[in-house]
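The block underneath contains the structure these notes are about, expressed in structure tokens.
Numbering (our numbering), first residue to last: 10 to 289.
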């Protein structure tokens, strides 16, 4: 199975791509994994997406800690911090400003859902061009819509960045207007959980609200950082149910992920918001 990471070829049209190691599979420069790999067969694995600045992956330890935690929950062999840190440094060397993706699957296995007795995980690290988001998304904010597709409820998978992303793929297909930058998703009970690619925060009376992710959603690295910063400077945080009615009472709304940082939401469906002081 070819694991090529760039449409139209490895070198693409970006000058620096041809000068770098673009993909490491189990530590070797390669573009192929076995078709029998359970990541390909069943989405049986986890992934991390990291910003790269000046050739260095940002918040690498936080991402690897989350990956280790996810592997433990799914009983997937974790390759180890030292191995992944070394390979991340190797593949990011000279990349400047880019995106690093780390995938860990359960590894090759036979047909059927039963986990092989001696499964050996597969690790894939790949380097990609950074999305060319307009700078003013961070300062002036973005527009978001409510997606029709909803997230399933499953506490066994909640919080994990696992490889089954069909819910987000279907939700992202609901718009193609350049005026819309994100879609917010509800779970099957109608709770607003997250964006298709981001975590969600509301601000009300100087306090933060963010959805409870114990039944669905992805617990993002920047989300956890925002919660830590809020606690350190005495900003109250409520983690719980967020319904559509909460958006009417909100003073500010913003979304986060590891590539965008913080994007203020200035328009969501019929609601409009200023880029307020807490978001700034």
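From the three backbone atoms N, C-alpha and C, an ideal C-beta is built for every residue, glycine too.
What residues in its chain sit with their C-beta under 8 Å from that of residue i, if we drop five residues either side in the sequence?
i	result
residue 80	55, 86, 87, 113 and 130
residue 172	48, 52, 53, 54, 55, 56, 112 and 114
residue 10	Model confidence at residue 10 stands at a pLDDT of 47, short of 50, so the residue's coordinates are unreliable and nothing is read from them.
residue 176	158, 159, 160, 161 and 194
residue 277	152, 153, 154, 155, 193, 256 and 262
residue 197	159, 160, 161 and 162
Quick one: measure Cβ to Cβ for residue i and residue j, integer angstroms, because I've assumed they're closer than 8 Å.
i	j	result
residue 107	residue 159	The Cβ separation is near 33 Å, so there is no contact.
residue 248	residue 219	6 Å
residue 274	residue 151	6 Å
residue 103	residue 29	6 Å
residue 167	residue 223	6 Å
residue 109	residue 61	5 Å
For residue i, I'd like the list of residues in its chain whose CB is within less than 6 Å of its CB, leaving aside the five on either flank, ordered along the chain.
i	result
residue 57	72, 76 and 111
residue 195	159 and 201
residue 156	180, 183, 192 and 194
residue 134	33, 96, 100 and 111
residue 204	191, 193 and 264
What residue range is occupied by the uninterrupted beta strand (DSSP E) comprising residue i?
i	result
residue 270	270 to 277
residue 1	Missing from the structure shown is residue 1; the chain here goes from 10 to 289 and no further.
residue 54	54 to 62
residue 263	261 to 266
residue 287	Premise fails: residue 287 is in no beta strand (DSSP E) and is neither H nor E.
residue 99	First-last for residue 99: 90 to 101, but that is the alpha helix (DSSP H), not the beta strand (DSSP E).
residue 249	246 to 249
residue 47	Unbroken run through residue 47 is the alpha helix (DSSP H), 47 to 51; no beta strand (DSSP E).
residue 133	131 to 138
residue 124	Where residue 124 is concerned, there is no enclosing beta strand (DSSP E), given that its DSSP letter is neither H nor E.
residue 30	Neither: residue 30 is in no beta strand (DSSP E) and is coded neither H nor E.
Given 7 Å as the limit, tell me if residue i has its C-beta closer than that to any heavy atom belonging to the ligand GDP.
i	result
residue 185	This structure simply doesn't include the ligand GDP, nor any ligand for that matter.
Measuring CA to CA, which of the options is closest to residue i?
i	options	result
residue 231	206, 93, 46 and 252	206
residue 100	74, 84 and 65	65
residue 251	286, 267, 213 and 233	213
residue 119	225, 208 and 45	45
residue 225	162, 143, 195 and 141	162
residue 269	147, 235, 202 and 166	147
residue 32	98, 167, 82 and 170	98
residue 59	84, 94 and 164	94
residue 208	229, 137 and 188	229
residue 63	105, 169 and 260	105
residue 239	259, 221 and 215	215
residue 136	39, 237, 83 and 284	39
residue 170	61, 266, 117 and 283	266
residue 164	227, 254 and 74	227
With a CB to CB cut of under 7 Å and the five nearest residues on each side skipped, what residues in its chain are close to residue i?
i	result
residue 280	256 and 257
residue 35	131 and 132
residue 263	210, 271, 272, 273, 274 and 288
residue 78	none
residue 69	59, 94 and 97
residue 92	none
residue 142	269
Tell me which residue opens and which closes the alpha helix (DSSP H) that residue i is part of.
i	result
residue 153	Where residue 153 is concerned, there is no enclosing alpha helix (DSSP H), although the beta strand (DSSP E) it sits in stretches over 151 to 155.
residue 241	230 to 241
residue 70	69 to 83
residue 40	Counting along the chain, residue 40 falls outside any alpha helix (DSSP H), and DSSP gives it neither H nor E.
residue 257	253 to 258
Practice task
Ignoring anything shorter than 3 residues or poking outside the stretch 157 to 227, list the beta strand (DSSP E) runs there in chain order.
Solution key: For the stretch 157 to 227, the full-length beta strand (DSSP E) segments reaching 3 residues or more read 191 to 195, 201 to 204, 208 to 213 and 216 to 220 along the chain.
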